[in-house]
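Going down the list, the protein sequences come from chains A and B. Last residue of the first sequence: 407 (the numbering used here), numbering continuous. Last residue of the second sequence: 1407 (the numbering used here), numbering continuous. Idealized CB from N, CA, C, for every residue including glycine. It should be emphasised that the depicted structure is a prediction, and the values quoted were computed from it without experimental measurement. Only one structure is covered here, and it is reproduced in the block below.
Protein chains: 2
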Amino acid sequence: MESFYDAIKIITYNAFMNTLFADRIIDVPKSFIREMLKITSDSTIISLAGGLPKRDLFPVQEIIAATDEVFKVYGRDIFQYSNSEGYLALRESIANNYLAKGLQVSAENILITNGSQQGLDLLGKVLLNDGDGVIIEEPGYLGAIQAFSLYRPHFSPVPVSEEGLDLEKLQSVLSEREHKLLYAVPNFQNPSGITYSSNNREGVADLIREKKVFIVEDDPYGELRFAGIAKPSFRKYLPEQTILLGSFSKIVVPGFRIGWIVAPPEIYEKLLIAKQASDLHTCHFTQYILYQYLQKNSIAEHVAKVIKTYREQCQCMMDSIDAYFPSSVEYIKPEGGMFLWVTLPKGMSAMELFPRAVKEKVAFVPGDPFYVNKKGLNTLRLNFSSVDNDTIKTGIQRLGKVMAELQ
Amino acid sequence: MESFYDAIKIITYNAFMNTLFADRIIDVPKSFIREMLKITSDSTIISLAGGLPKRDLFPVQEIIAATDEVFKVYGRDIFQYSNSEGYLALRESIANNYLAKGLQVSAENILITNGSQQGLDLLGKVLLNDGDGVIIEEPGYLGAIQAFSLYRPHFSPVPVSEEGLDLEKLQSVLSEREHKLLYAVPNFQNPSGITYSSNNREGVADLIREKKVFIVEDDPYGELRFAGIAKPSFRKYLPEQTILLGSFSKIVVPGFRIGWIVAPPEIYEKLLIAKQASDLHTCHFTQYILYQYLQKNSIAEHVAKVIKTYREQCQCMMDSIDAYFPSSVEYIKPEGGMFLWVTLPKGMSAMELFPRAVKEKVAFVPGDPFYVNKKGLNTLRLNFSSVDNDTIKTGIQRLGKVMAELQ
């Protein structure tokens, strides 16, 4: 009888829990990738699944030196509460970097965030009511889908191809309903590796110009270009309608969790309130270290090293694919970034491939989670930044074997 | 003519901006305190307004040593992306601290956040739909009011007196409508300095037990007791209905932005998703430093030093008030924490006092922002933690002079 009452207690408790949560959280899944990374944390599995920068390239000695310097120069002030905007000198240094590229950005437009992921959350918090329209790339960045989902928008996916956003589809989506945001990763997009062409950017800007839509240009990989030439930011075409997201995660270290938002003054003011309410401010200690690092080292030289490595690893992955994947498998050749996007033969589901691959000790990310409302897709994402060439070769060889078996 | 078109352009743009924002952000004011701190950043003004711990007490040498050790032992891993829950060893150390106080908390219940402010944001995100009931202390912690406000709850204020929450009012509030949360700072409350008595805690727990209400027990100051004896946590009375918020900000340093939530498993799971979506994870580098600091140093000894200083400064402030304030001014004698709560004679508005005080080069926080829906109050908050005794004496003397003039 006791177990009967226990059961009743559990049922009542569960019913209680179901009414407990806010609507916004009920349908949001855990990050598929972060959960999958746990499954594949088995060290005998070659993971081409993550989105990690290469740890061997972290400028550790330089960061240690910068930390020592910060301790010496700034003493105890760096440990006190500080302002919500972020460390002014760091913001000025970020602004100067934009100016050097011909973009008019001043420190007052820059809000330091806990990685650009927090930028996404703050934008959702400040801009999105239930049901507001958000145009999102298809396939699109999972972290953005997850962050915005909490504010319950209506997602309008627009496919990306090797040129960039599908302009025809964008036009029809824009005419169907109002939208507040267009979220885009125009350089070496996650997951597809695609870079929008200059023509495509201009075309997108032309369609957006007359609408009340902000472009959120998320550019964590922009500096990591190993082929072709840099394309202009949307901010060149639509200075008042472009919000920029940036991050030190891919060019210095991700562990400091330091990114930023560049926003027009009216939006900035609201973002600042949301930042205060969210966590008062981002750790200034690590902001000072990062600033010190940037002062004493050439970030351009460091990034050149990263680019060289990623270029080689990307080439190695493409060569391995050409050698080991069935010839019916296609991929997009990226000009930079960290990812290769693979298309399997029609009808072959990447989700079905996944458990077989794990059995063969290799992992990737199936395409499904990068789409808002599609399933069973024949696409997948491979990461080439975090693994060395030998591992890439072996991993691709294993994956090719599983693909051949599934054909 | 050009200016006419410019004007039209501005009007159209403003109309555009007003429809742009999410409803949740429109009415949320900037943090009054953080804005006020800017006004009073003039170094000739004695600020009794802030809520800062004393910078001279930061264990800087120990943190430098801990940082060196972390660099030596953990190398480059601390700079990589990491898990959203937080550094396991740090969470275990926090759990052990609860166990030592007789509270059953395990590391799996602990989520590391960017200060406990982020804990408030995540709880709002996960639990609050528009219009959900939140019981809040009156006066209550501004940061909680601000963080929850973004999720548009219905606030039910319940007055606090020197005993704790007003039980009669709590009972009537609970009978009037449903509530999801009761937010409480039962130890040395911010702003009032009040500590709930054991009887009061039991009384609150009895009223809450049968309701579907969670108590959010925010305890940033609990360790800073300089008089009386420690009271039990609500978790003792209501283990399944109590969510704990904790922070290293007041006992080690605030600049690292490291706090935590202790939550039941079902809520924890949702909080973790919200944490992923909000910023992936809190900086692990500073978590490792903090853990290393806790391993190599006696936090109890450090806290004893902080307590000794705050006790003296609190006493100095009370003595100065007795000497310099008009006798009609009352205050609550705190048993710990960082704040003194002052009640002016009836009819004297602290908001009116404020600009006069600033003119006399002394600042405090008027009571108004600590109330959800009251204005023109005769209460104010003084901080005694961040200033030395001489400054306290001079500040209180100046303030007493302004009070006497306003009488």
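- DSSP lists A/Gly133 as the bridge partner or partners of A/His154.
- Under the Cβ criterion of 9 Å, B/Glu1108 is not counted among the residues facing chain A.
- Sequence-ordered contacts of the segment 1188-1205 of chain B with chain A are nonexistent [C-beta pairs closer than 7 Å].
- Taking a Cβ-Cβ threshold of 8 Å, none of the residues of chain A is close to B/Arg1311; the smallest such distance is about 21 Å.
- Taking C-beta atoms as the reference points, A/Gln287 and B/Asp1279 fail to come closer than 9 Å.
- Interface residue (Cβ-Cβ distance to chain B less than 9 Å): A/His281 is classified as such.
- At a cut-off of 9 Å between beta-carbon atoms, A/Glu266 makes contact with chain B.
- Against chain B, a Cβ distance below 7 Å from A/Gly133 picks out nothing, because the smallest value is about 13 Å.
- At least one CB of chain A lies nearer than 9 Å to the CB of B/Lys1212.
- Under the 10 Å beta carbon count, B/Ile1229 is surrounded by fewer than 16 other beta carbons and is classified as exposed.
- Not flagged as an interface residue toward chain A: B/Ile1261, since no C-beta distance is shorter than 9 Å.
- Any Cβ of chain A closer than 9 Å to the Cβ of B/Ser1149 would place that residue at the interface, and such an atom is present.
- Contact between the segment 83-95 of chain A and the segment 105-116 of chain A is present, with at least three C-beta pairs closer than 8 Å.
- Taking a 10 Å sphere around the C-beta of A/Lys180, we find 16 or more other C-beta atoms and assign the residue as buried.
- Under the three-pair Cβ rule at 8 Å, the segment 1210-1228 of chain B does not count as touching the segment 1345-1355 of chain B.
- DSSP, read as helix, strand or coil, puts B/Thr1195 in coil.
- Here B/Ala1144 is not near B/Tyr1196, since their CB atoms are 9 Å or more apart.
- By DSSP's assignment, B/Asn1383 forms a beta bridge with B/Phe1339.
- Sorting A/Glu178, A/Ala66, A/Asn96 and A/Ser156 by C-alpha distance to the C-alpha of A/Lys374 places A/Ser156 at the top.
- Residue environment for A/Gly222: buried (at least 16 other C-beta atoms within 10 angstroms of its C-beta).
- Between the segment 1317-1333 of chain B and the segment 1354-1371 of chain B, the count of Cβ pairs shorter than 8 Å is below three; the stretches do not touch.
- Measuring C-alpha to C-alpha distances from A/Thr309 to each of A/Ile46, A/Phe58, A/Thr19 and A/Ala404 identifies A/Phe58 as the nearest.
- Classified as buried, B/Gly1050 has 16 or more neighbouring CB atoms from the shown chains inside 10 Å of its CB.
- Cβ contact annotation for A/Asp23 (same chain, cutoff 8 Å, sequence separation greater than five): Arg152, in chain order.
- Only residues of its own chain outside the window of five on either side were considered, and among them Ser1084, Glu1085 and Leu1111 have a CB closer than 8 Å to the CB of B/Leu1272, listed in chain order.
- Look at A/Asp388: its C-beta is not under 9 Å from any C-beta on chain B.
- Contacts with chain A at 9 Å (Cβ-Cβ) do not include B/His1154.
- Beta-carbon to beta-carbon, B/Gly1115 and B/Ser1233 are separated by about 20 Å, too far to satisfy the 8 Å threshold.
- According to the DSSP secondary-structure assignment, B/Tyr1183 is paired through a beta bridge with B/Ile1136 and B/Val1216.
- Our two residues, B/Glu1360 and B/Arg1398, have alpha carbons roughly 6 Å apart in a direct line.
- DSSP places B/Ser1149 inside the alpha helix (DSSP H), whose first and last residues are Leu1142 to Ser1149.
- Where B/Thr1242 is concerned, the enclosing beta strand (DSSP E) starts and stops at Thr1242 to Ser1247.
- In this structure B/Val1173 touches B/Ile1135 by the C-beta definition: roughly 6 Å separates them, less than 8 Å.
- Residues of the same chain with a CB within less than 7 Å of the CB of A/Phe256, apart from the 5 flanking positions on each side, are Phe248, Thr286 and Leu290 in chain order.
- DSSP places A/Pro239 in the helix class (H, G or I) of the three-state scheme.
- Contact annotation: the segment 1072-1082 of chain B does not touch the segment 1391-1407 of chain B, with fewer than three C-beta pairs closer than 8 Å.
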